[in-house]
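Accompanying notes for the structure given below.
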Amino acid sequence: MKTKIILIAFLSACWIWQGTAQTDEKERIPLKHGAHYTGKRTDADMKRWREYGLGQFIHWGVYAIPGGQWKGKTSTYAAEWFRSSGLITKNEYDNLYKEFNPVAFNAEQWAKQAKQMGARYMIFTTKHHDGFCLWPSKYTGYTIANTPYKKDIVKELVDAYTAEGIDVYLYFSIIDWNHPGYQAGKGITSEDRKNWENYNPFRNEKEKAGYETFKEFTRNQLIELLTNYPKVKGLWFDGSWDGAWMKEAAWVDVLGEELRAMHPGLIIGSRFRADENGNRHVDTNGDLIDDYDQRFERSLPSTLTETEGNDWDCVMTIPENQWGYHRDWSLSYVKTPYDLIEMLVKANSLDGNFVINFGPDGKGNIRKEETEIAREIGNWMTVNRDAIYGAHHSALEKQDWGYSTQKGDTIYLSVFNKPMNNLLRVKIPRSKNKDMIFVIEKVEFLSTREPALVKGDGKANTYYRDKSGFSYYDIILPEKVQKAGQPFVIVIRLKEINKNNQEAYQQAIT
1 MKTKIILIAF LSACWIWQGT AQTDEKERIP LKHGAHYTGK RTDADMKRWR
51 EYGLGQFIHW GVYAIPGGQW KGKTSTYAAE WFRSSGLITK NEYDNLYKEF
101 NPVAFNAEQW AKQAKQMGAR YMIFTTKHHD GFCLWPSKYT GYTIANTPYK
151 KDIVKELVDA YTAEGIDVYL YFSIIDWNHP GYQAGKGITS EDRKNWENYN
201 PFRNEKEKAG YETFKEFTRN QLIELLTNYP KVKGLWFDGS WDGAWMKEAA
251 WVDVLGEELR AMHPGLIIGS RFRADENGNR HVDTNGDLID DYDQRFERSL
301 PSTLTETEGN DWDCVMTIPE NQWGYHRDWS LSYVKTPYDL IEMLVKANSL
351 DGNFVINFGP DGKGNIRKEE TEIAREIGNW MTVNRDAIYG AHHSALEKQD
401 WGYSTQKGDT IYLSVFNKPM NNLLRVKIPR SKNKDMIFVI EKVEFLSTRE
451 PALVKGDGKA NTYYRDKSGF SYYDIILPEK VQKAGQPFVI VIRLKEINKN
501 NQEAYQQAIT
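Residue numbering for the sequence shown follows UniProt numbering, beginning at 1 and increasing consecutively.
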């Protein structure tokens, strides 16, 4: 009897739920400004986004000058929020730009480091909450053009990263503490949530009129960014949680469509807008707003179910909660390359991308600790990239030794916990056909492409099956299969055969 690989079909059956995850028995509520489509985008730009695997985030601005410290005092809060730390006056902070002269900044060097690390996309803070623009915006004087440095940093980075084959996304803060018309709006109470239609974020007509000027300013800057830097792939929004912005659902929705029309293929995550009922990320019906889920900030989902069938990525700091440059990293735990590699593989195993943040200092240097982390991750990626790029959730259950990803008919086992007895037990799914079983057709180490043995006589796969029909194989690990302290990857391919056909069985396992 001829055997054939049907793992893809098996996986497809496992993924059917993704297309129906949003189905709800309750009646759907008609929305004008909720999700404009359900399911995943299928165009080439979004397919490319889905294959990235690893990305880089860069938080940089005038907050890198104090670096979390001012006049002998240290803030334990996030460095990029330093203006509101209480350690510096607003006037002092708002004049720091006059000192911003990053003479050590080298866009090409940053891009090459990101490429060596294995990043396929980069997100850069064009403007954080303080309102300082790292491009020469014509709509405000609070920009890089009026610093000693003067040059367009956004352009330098877009050009350098694009030249290295890394896609660029522009971070843009809706919050702008520097604009006179900006308003957060009144705090949102539980009663406001219940009666969102009647919620008024403004205390008076002056605030409302000022916010109209801020809206137009925001629109102008976003159009300016897409006009000036047409190579970028998307916009990454932050600070959209204020009541004043959330209440502008109709206006923001129209703005989003305008941006998409002028930049075909533009990718926007779920942080940009709320629906008309004040729901962010997902609308009143539970559908994702815009192109991918951005709720996983400094956190990873535990299971695939948590992702609700959506595209998603996780943005992660290296210290506990520092995005911008902070001089003192002793304030919290600092993640190791091993920590970050494990998070990367876990994200990929749950169909997500993983983005690691870097915070350069005021002179434009990436700190030595970040450089070393990037190098270590890059070394691992050079050997094991096949387990990440274009790889997704596999049919294998999560197992104690690590994580599995899948590409085509190949499964990658990323081993983070090497068994003491050097036998890696792999639980293989049961077939839906009681007369069929899955067997391992191929097993090898990704780093060397050398075949691995499965416990038995060295020629045949030996396994046992539990009462539920799952098969268990023990892969024999050599004493030194990895660099000390680093995970390693085993490649396997499964084949489904008729368990009653001994000839086919012997052909499959020898």
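Think of the CB as a built atom: it goes at the ideal place given N, C-alpha and C, for glycine as much as any other residue.
Nearest to residue i (by Cα), restricted to the options the options
i	options	result
Asp275	Ile268, Ile388, Gly286	Gly286
Arg203	Arg193, Trp60, Glu216, Lys186	Lys186
Met420	Ile475, Tyr161, His179	Ile475
Ala387	Ser414, Ile377, Asp361, Ile289	Ser414
His128	Pro429, Phe237, Met117	Phe237
Lys115	Trp380, Asp339, Tyr142	Trp380
Thr303	Thr382, Pro230, Tyr403	Tyr403
Ala163	Thr140, Ile341, Ala111, Asp466	Ala111
Asp130	Phe82, Ala391, Ser468	Phe82
Ser394	Arg425, Pro429, Arg375	Pro429
Gln69	Gly61, Ala79, Trp60, Val62	Ala79
residue 514	Leu87, Leu170, Arg295, Tyr97	Outside the shown range of the chain, which is 1 to 510, sits residue 514, and nothing can be said about it.
Asp293	Lys231, Arg50, Pro136	Arg50
Trp135	Lys150, Tyr121, Asn365, Arg260	Lys150
Leu259	Ile492, Asp290, Asp400, Gly239	Asp290
Leu266	Leu235, Asn106, Tyr97	Leu235
Phe124	Glu479, Lys480, Tyr52, Val355	Val355
Ile175	Ala184, Asp167, Val168	Ala184
Asn417	Glu444, His59, Gln399, Asp192	Gln399
residue 539	Glu212, Asp313, Asp45, Glu92	The requested residue 539 is not part of the displayed model; the chain covers only 1 to 510.
Ile411	Lys442, Trp401, Arg425	Lys442
Leu96	Gly362, Tyr389, Asp466	Gly362
Gln486	Pro451, Ala64, Trp401, Phe272	Trp401
Phe296	Glu320, Ile268, Ala347	Ala347
Asn106	Arg48, Ile366, Lys32	Ile366
Trp177	Asn91, Lys432, Ile188, Asp192	Asn91
In DSSP terms, what residue i is bridged to
i	result
Trp70	Lys73
Met46	According to DSSP, Met46 bridges with nothing at all.
Asp313	Asn353
Met436	Asn498
Ser404	Leu413
Gly55	Tyr121, Val355
residue 545	Nothing in the structure corresponds to residue 545, since the chain is present only between 1 and 510.
Lys427	Tyr472
Glu444	Pro451, Val491
His393	Thr405
Gln399	Gly402
Arg465	Ser471
Cβ neighbour criterion (16 or more within 10 Å) applied to residue i
i	result
Val315	buried
Met1	Model confidence at Met1 stands at a pLDDT of 35, short of 50, so the residue's coordinates are unreliable and nothing is read from them.
Glu397	exposed
Leu423	exposed
Glu496	buried
Asn500	exposed
Lys233	buried
Thr227	exposed
Lys459	Low per-residue confidence applies at Lys459: pLDDT is 46, beneath 50, and the placement is therefore not dependable enough to give any value.
Val254	exposed
Ala244	buried
Ser270	buried
Glu216	exposed
Asp283	buried
Met262	exposed
Gly86	exposed
Lys368	exposed
Ser137	buried
Ile490	buried
Ala250	exposed
Ile29	exposed
Thr140	buried
Ile492	buried
Thr23	A caution first: Thr23 carries a pLDDT of 41, below 50, which makes its placement in the model too unreliable to give a value.
Minimum Cβ-Cβ distance from residue i to chain D less than 8 Å
i	result
Ala145	As a matter of chain content, chain D is missing from the structure shown, which is built from one protein chain.
> Does the count of Cβ pairs from the stretch 157–166 and the stretch 97–104 closer than 8 Å reach three?
Replying inline: no
> Touch check for the stretch 344–361 and the stretch 303–315: three-plus C-beta pairs under 8 Å?
Replying inline: yes
> Touch check for the stretch 322–332 and the stretch 72–82: three-plus C-beta pairs under 8 Å?
Replying inline: yes
>> Which complete beta strand (DSSP E) runs does the stretch 70–137 hold, if anything under 3 residues is left out?
In response: 121–127
>> When you compare the stretch 336–343 with the stretch 368–385, are there three or more beta-carbon pairs, one atom per stretch, that lie closer than 8 Å?
In response: yes
>> Please give the ranges of any alpha helix (DSSP H) in the stretch 230–311, keeping only runs that are unbroken, at least 4 residues long and fully inside the region.
In response: 243–246, 249–262
> Which whole runs of the beta strand (DSSP E) in the stretch 148–228 are 3 residues long or more, in chain order?
Replying inline: 167–173
>> Could you check whether the stretch 142–150 touches the stretch 207–221, counting it as contact only if at least three pairs of C-beta atoms, one from each stretch, sit closer than 8 Å?
In response: no
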